[in-house]
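Residue numbers (the numbering used here): 27 to 429.
Cβ coordinates follow ideal geometry from the N, Cα and C atoms, glycine included.
Note that the structure is predicted; figures quoted are calculated from it, not measured.
Below: the structure, in structure tokens.
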Amino acid sequence: MKKNQINVRQLVNQYQANCDRISEIADACEKEQRERTEAENKEFEALSRENQLISMRMQAATAEHLRENPNAREEAVRMIRENASKGRKTEITFMREGEFTGMMVSDIESGAIVPLNVQDIIKPLQEGFILDKVGLPMPTGLAGDYVWPTYDMVEATVAGEGVALSDTKIEFNKLTANPERIGIAIPVTNQSLNQSAGVLEMIIREVMPLSIRQLLNKILFSPTVVNNATNLVGPIAKILQVAAKSAASRSKEEKKYNAVVTLSTVPTFIELNKNMKAAVLETGIEGNHLCWIMTKSMQAVLEGTPINSEGIYVPMIQDGKLCGLPVYTTNVIRDTSGNTPVEYIALGDFGYQPMGLFGTLRFIVDPYSMSRKDSVDFVLNTDYGTKTLRPEAFILGRVSSGS
Numbered sequence: 027m028k029k030n031q032i033n034v035r036q037l038v039n040q041y042q043a044n045c046d047r048i049s050e051i052a053d054a055c056e057k058e059q060r061e062r063t064e065a066e067n068k069e070f071e072a073l074s075r076e077n078q079l080i081s082m083r084m085q086a087a088t089a090e091h092l093r094e095n096p097n098a099r100e101e102a103v104r105m106i107r108e109n110a111s112k113g114r115k116t117e118i119t120f121m122r123e124g125e126f127t128g129m130m131v132s133d134i135e136s137g138a139i140v141p142l143n144v145q146d147i148i149k150p151l152q153e154g155f156i157l158d159k160v161g162l163p164m165p166t167g168l169a170g171d172y173v174w175p176t177y178d179m180v181e182a183t184v185a186g187e188g189v190a191l192s193d194t195k196i197e198f199n200k201l202t203a204n205p206e207r208i209g210i211a212i213p214v215t216n217q218s219l220n221q222s223a224g225v226l227e228m229i230i231r232e233v234m235p236l237s238i239r240q241l242l243n244k245i246l247f248s249p250t251v252v253n254n255a256t257n258l259v260g261p262i263a264k265i266l267q268v269a270a271k272s273a274a275s276r277s278k279e280e281k282k283y284n285a286v287v288t289l290s291t292v293p294t295f296i297e298l299n300k301n302m303k304a305a306v307l308e309t310g311i312e313g314n315h316l317c318w319i320m321t322k323s324m325q326a327v328l329e330g331t332p333i334n335s336e337g338i339y340v341p342m343i344q345d346g347k348l349c350g351l352p353v354y355t356t357n358v359i360r361d362t363s364g365n366t367p368v369e370y371i372a373l374g375d376f377g378y379q380p381m382g383l384f385g386t387l388r389f390i391v392d393p394y395s396m397s398r399k400d401s402v403d404f405v406l407n408t409d410y411g412t413k414t415l416r417p418e419a420f421i422l423g424r425v426s427s428g429s
């Protein structure tokens, strides 16, 4: 079994080396603002094919290990505790969903590799995530360029009989998601680890995935840019960024963003239905994944507000829907950065706001950094990217304060 474990380590190291090389190619193209060269294309395709083969081999090794070791999870926990007690670092690399997940440690002789189920991390990460609620995938294990081709719409012309048509050019472009690193570190004393059997598993399976999920929700739905991010900016913060610019200083892409809609202290049905929903649909957006985003308190207000003041009482939000579209809640959409909190209501088709995990989830159990406090540092790092593919698919309403 030990031989198989070392082979898996070699596969994991080669897989990561290939991913690193793909990232180097992508970085060079981005820095030089160019497409991949013919040589880089051949190398990229070769690395991608090799990683697919490596993934299949790692899946086979994982299945074999799990058959021979039904208590793999307990073995993993035991390994982490043993390494922490002996001052050895433990590295856990969670690779893409449906493929191999391995635990790599610095000392091959004592630790080797223990396969784990990636769903232990991915499922808690997705539960409660609004992209997951609206039925959109959150891809993992992305590498290289995460690119969507775009083009400008063209129009046919009317011509008389025998009249030659003039050439019409289609402007092609592309949108690329540039990932940024996100992470969290949690120190835990050795006494806590030794005395509580559940602390370790809770950190791995619950606390850290939950913290990443909360950050991703905040990135997508916060009206302010989170932690001064450059690329990880959601559509709501971007709408407000564009709104703060003068019309003359906006780029061609920024001019596609809808203006911020002013709403009453208690928004009316006409404001939401006509000024927001209809405004998005008028741009040509099909709206297959349109939904409302607001705070829980605003949802409660609209659940008790009638569509109109006359006739039969019909509340604006019924069965979790407003204007026929689902309502999802998160309190991060309220701007609390100023002296007076600002309430927002967003409407968007999040099919045009993909978000994905690039590479792997890198989880380090570090007994060195916090050794003076006799603590172990649990550190999770990963890279995420997101991109607004069609700005016109999103609109933001600012609720008046009433003062």
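Could you tell me the alpha carbon to alpha carbon distance between Val391 and Thr408, rounded to whole angstroms?
Cα to Cα, Val391 sits roughly 15 Å from Thr408.
Glu279 - DSSP class collapsed to helix/strand/coil:
Coil, per DSSP.
Within a Cβ cutoff of 6 Å, which residues of the same chain sit near Glu329, ignoring the five residues on either side of it in sequence?
Here Glu329 has Pro341 and Ile343 as same chain residues with Cβ atoms under 6 Å from its own Cβ, once five neighbours each way along the sequence are excluded.
Gln240, DSSP secondary structure in three states:
If DSSP states are grouped into helix, strand and coil, Gln240 belongs with the helices.
Which residues bound the alpha helix (DSSP H) around Leu298?
Per DSSP, Leu298 belongs to the alpha helix (DSSP H) from Phe295 to Leu298.
Within this structure, are the beta carbons of Ile245 and Phe295 separated by less than 8 Å?
The answer is no: Cβ separation not under 8 Å.
Is the number of C-beta pairs between the region 408 to 427 and the region 205 to 213 that are closer than 8 Å three or more?
Between the region 408 to 427 and the region 205 to 213, the count of C-beta pairs closer than 8 Å reaches three or more; the two stretches touch.
Here's the rule I'm using: 16 or more other beta-carbon atoms within 10 Å means buried, otherwise exposed. How should Lys413 be labelled?
By the 10 Å Cβ count, Lys413 comes out buried.
Can you tell me where the alpha helix (DSSP H) holding Met324 begins and where it ends?
Going by DSSP, Met324 is part of the alpha helix (DSSP H) stretching over Lys322 to Glu329.
Could you pull out every residue in the same chain whose Cβ sits closer than 6 Å to the Cβ of Val287, ignoring the five residues on either side in sequence?
Counting only Cβ-Cβ distances below 6 Å, and skipping sequence neighbours, we find Asn301, Met302 and Gly423.
If you draw a straight line from the C-alpha of Gly350 to the C-alpha of Met324, how long is it?
Answer to the nearest angstrom: the Cα atoms are 17 Å apart.
Give a yes or no on whether the C-beta atoms belonging to Asp361 and Val368 are separated by under 8 Å.
The answer is yes: Cβ separation under 8 Å.
Between the Cα of Glu66 and the Cα atoms of Phe247, Ser49, Thr321 and Ser237, which residue gives the shortest distance?
Answer by Cα proximity: Ser49.
Contact set for Asn372: own chain, Cβ-Cβ below 6 Å, skip 5 residues either direction:
According to the sequence as given, residue 372 is Ala; it is not Asn. Hits under 6 Å: Ile262, Ile319 and Leu422.
So what does DSSP say about Gln381, is it helix, strand or coil?
According to the sequence displayed, residue 381 carries Met and not Gln. Met381 sits in a strand when the DSSP states are folded into three classes.
Beta-ladder partner(s) of Ile48, from DSSP
Answer is none; Ile48 lacks a bridge partner.
Which term fits Tyr41, buried or exposed, when burial requires 16 or more other beta carbons within 10 angstroms of its beta carbon?
Its Cβ being crowded by 16 or more others within 10 Å, Tyr41 is buried.
For a test of your reading of the model: does the CB of Ala263 fall under 7 Å from any non-hydrogen atom of the ligand MN? Yes or no.
The ligand MN is not part of the structure shown, which contains no ligands of any sort.
Does DSSP classify Ile390 as helix, strand or coil?
Strand at Ile390.
Against chain B, does Thr412 count as a neighbour if the rule is that its beta carbon must be under 8 Å from one of theirs?
Going by chain labels, chain B is absent from the structure shown, which holds only one protein chain.
Taking the alpha-carbon of Asn365 as reference, which of Asp375, Ser427, Met381 and Cys317 has the nearest alpha-carbon?
For the residues Asp375, Ser427, Met381 and Cys317, the minimum Cα distance to Asn365 belongs to Ser427.
So if DSSP puts Ser401 in a beta bridge, which residue, or which two residues, is it bridged to?
Under DSSP, Ser401 shares a beta bridge with Thr215.
With DSSP as the reference, label Val358 as helix, strand or coil.
Looking at Val358 - three-state DSSP - the assignment turns out to be helix.
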